[in-house]
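Enquirer:
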Amino acid sequence: PVVAYVGVQLAYLIEGVVIVETVFAWPGIGHALVHAIFGRDIAMVQGTALTLGLLYVALNLFVDLACRSIDPRERTL
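Per my numbering, the very first residue in the sequence shown carries number 171; after that it's consecutive.
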């Protein structure tokens with residue numbers, strides 16, 4: 171359960187990057203996404219949303235694989 175919980179917390183960090191980068195004016199993908207939304211740059215919004223979505227899916231895959239490798243009931247010979 172600890173690995174799954176840490177995975178969920180990392181997913182929340184990915185989602186929170188937009189807010190943190192906007193509040194503190196840090197350059198990054200979240201800040202670029204906000205500027206693209208206000209500038210109505212549809213291609214940039216789609217690209218950053220796709221990138222963040224793929225990162226979220228990859229993180230969930232990594233957490234699932236980690237849970238499977240840790241759980242002795244899931245191991246097969």
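Backbone N, C-alpha and C fix where the C-beta goes; we use that ideal spot for every residue, glycine too. Nothing here was measured: the structure is a model prediction, and the numbers come from that model.
If you reduce the DSSP assignment to three classes, tell me which class Arg238 lands in.
Expert: Looking at Arg238 - three-state DSSP - the assignment turns out to be helix.
Enquirer: Here's the rule: buried if 16 or more other CB atoms are within 10 angstroms of the residue's CB, otherwise exposed. What is Thr218?
Expert: By the neighbour-count rule (16 or more Cβ atoms within 10 Å), Thr218 is buried.
Enquirer: Does the beta-carbon of Leu224 have 16 or more other beta-carbons within 10 angstroms, so that it is buried, or is it exposed?
Expert: Exposed.
Enquirer: Identify the continuous alpha helix (DSSP H) that holds Glu185 and give its terminal residues.
Expert: Counting along the chain, the alpha helix (DSSP H) containing Glu185 begins and ends at Val172 to Phe194.
Enquirer: On the three-state DSSP scale, how would you describe Gly198?
Expert: Coil, per DSSP.
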